[in-house]
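When we follow the UniProt record's numbering, the leftmost residue of the sequence shown carries the number 1, and every step to the right adds one.
First the structure, in the form of structure tokens, and then the observations on it.
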Amino acid sequence: TNCLTTVWRLLKNLSEDQQRYEKQLIFEHPAFAKLCQQLLQDARRMTRGDLVFSLHAAVHIGISQNTLLVQTLLRVCQERLNQFDNRCISVLATTLAGLEKDKNVSALQAGLQLLAEQRIPTIRDIFILQNLMKCMGKDAPVFLKKKLEMAVLKEIDHLTFPNALRVFLALVAMNYCSVPILNACSKKIQENIHDAPFRQLILILEGCYSLQYRNVKLLSALADYIDSTACLWDKRQIILFLSAFETLAFQPSELMGIFAEKVTEDPEFLNLKNLLIVLRVYSRLNYVPKGQKHQFFETLNSCLNKYLPQISNIELLKAVHSLSVLGYL
């Protein structure tokens, strides 16, 4: 058990490429099969902590969900579910959230849901609560989502920045728009926005859209941060930011002005897909760059002409419509 958990702890700090290479070496090592066989034999004799951490490590290392080992660990977790403390429930919830639905996973999720109903009022740890939220997911009954919401609100004054990100995304996973929680998370994110990596920022914007949550202060803070650090972002990353803002009908005018300059100076990075996104974003947000209107439009038009041989009729119509909206045609 300790071997498998230690392997995962070492692996999770590596890059994706390094993880792939090391996992291949692990799976090919003759001792690994013996370790899995030993875990299979010991499954029903493990402590509850060893049991859930073994399942967690096995799944994250990449052992197939359909293997006898993973399915056995899932069944033993079902049998011993009522013995689990809140920490074990949290680890199990995290693991289940990353698994495909099958007979054993569905049965374990149903059991965990019943156990969560009983335990939620006694849980004071936001980290555990957000793990349960992600595990329960969109299909959780409304009354359970409400219970989780009330439990989080009781501890909201102790919210840290990492937990604010997790809870925000857990609400997205649960498809539950709790405005009081989202407002508290948004405030904490705004205060620590410089610590959020690119992927998290995109997920926040996508989450705002999926939950239909509009917080202008949060969106403005995100736009100002990206604007002030624009030189650090890849142009394709900025396109993803702009596309996310567009779905929220929010115009980050400073960022759009800076990006228009980048396009005018170096249009070669615009492939057809990115060109169509830029045309859509600028037309739908009705943004015309000040002082460089002509150069910007000419650059976009030149790029569009370059892709005429490969663009579809529908895409061409959309592109022409975007240029018309912007006042170029």
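Positions of the beta carbon are idealized from the N, C-alpha and C atoms, including for glycine.
Under 8 Å between C-beta atoms of residue i and residue j
i           : j           : result
residue 80  : residue 45  : no
residue 248 : residue 219 : yes
residue 134 : residue 164 : no
residue 292 : residue 319 : no
residue 263 : residue 210 : no
residue 242 : residue 281 : yes
residue 14  : residue 61  : no
residue 332 : residue 231 : One cannot answer for residue 332 here, as it falls past the ends of the chain, which runs 1 to 329.
residue 25  : residue 69  : no
residue 181 : residue 153 : yes
residue 73  : residue 55  : yes
residue 76  : residue 51  : yes
residue 128 : residue 82  : no
residue 323 : residue 301 : yes
residue 132 : residue 116 : yes
Distance, residue j Cα to residue i Cα
i           : j           : result
residue 193 : residue 36  : 42 Å
residue 233 : residue 198 : 9 Å
residue 114 : residue 204 : 30 Å
residue 221 : residue 228 : 10 Å
residue 5   : residue 251 : 46 Å
residue 136 : residue 174 : 7 Å
residue 7   : residue 58  : 10 Å
residue 177 : residue 167 : 11 Å
residue 215 : residue 158 : 22 Å
residue 236 : residue 271 : 10 Å
residue 316 : residue 327 : 17 Å
residue 299 : residue 314 : 21 Å
residue 206 : residue 191 : 20 Å
residue 268 : residue 217 : 34 Å
residue 104 : residue 208 : 33 Å
residue 246 : residue 84  : 45 Å
residue 17  : residue 65  : 22 Å
residue 53  : residue 254 : 48 Å
residue 140 : residue 120 : 14 Å
residue 226 : residue 161 : 19 Å
residue 43  : residue 101 : 22 Å
residue 256 : residue 213 : 22 Å
residue 19  : residue 31  : 19 Å
Host alpha helix (DSSP H) of residue i (start-end)
i           : result
residue 209 : 198–210
residue 46  : No alpha helix (DSSP H) holds residue 46; DSSP gives it neither H nor E.
residue 7   : 2–11
residue 131 : 126–136
residue 224 : 216–228
residue 288 : From DSSP, residue 288 is part of no alpha helix (DSSP H); its letter is neither H nor E.
residue 234 : It is not in any alpha helix (DSSP H) - residue 234 carries neither H nor E in the DSSP assignment.
residue 17  : 16–28
residue 101 : Looking at the DSSP string, residue 101 is not in any alpha helix (DSSP H), and its letter there is neither H nor E.
residue 302 : 293–306
residue 158 : Taken as a continuous stretch (DSSP letters only), residue 158 belongs to no alpha helix (DSSP H), as it is neither H nor E.
residue 75  : 68–79
residue 190 : 179–191
residue 64  : No alpha helix (DSSP H) contains residue 64, which DSSP labels as neither H nor E.
residue 194 : Where residue 194 is concerned, there is no enclosing alpha helix (DSSP H), given that its DSSP letter is neither H nor E.
residue 313 : 313–325
Cβ-heavy atom distance, residue i to the ligand FAD, below 7 Å
i          : result
residue 74 : Ligands in the displayed structure: none, and consequently the ligand FAD is not present.
* So, do the segment 143–150 and the segment 185–192 have three or more beta carbon pairs nearer to each other than 8 Å? -> Between the segment 143–150 and the segment 185–192 there are fewer than three inter-stretch CB-CB distances shorter than 8 Å, so the stretches are not counted as touching.
* Asked: Do the segment 305–313 and the segment 279–296 meet, that is, are 3 or more Cβ pairs less than 8 Å apart?
  -> Short answer: they don't touch.
* Given 8 Å, three or more beta-carbon pairs between the segment 146–166 and the segment 101–113 -> Proximity of the segment 146–166 to the segment 101–113 falls short of the contact definition, fewer than three beta-carbon pairs being nearer than 8 Å.
* To do: Give, in chain order, every unbroken run of the alpha helix (DSSP H) that is at least 4 residues long and sits entirely within the segment 252–288.
  => If we require 4 residues or more, the alpha helix (DSSP H) runs fully inside the segment 252–288 come out as 253–265, 272–284.
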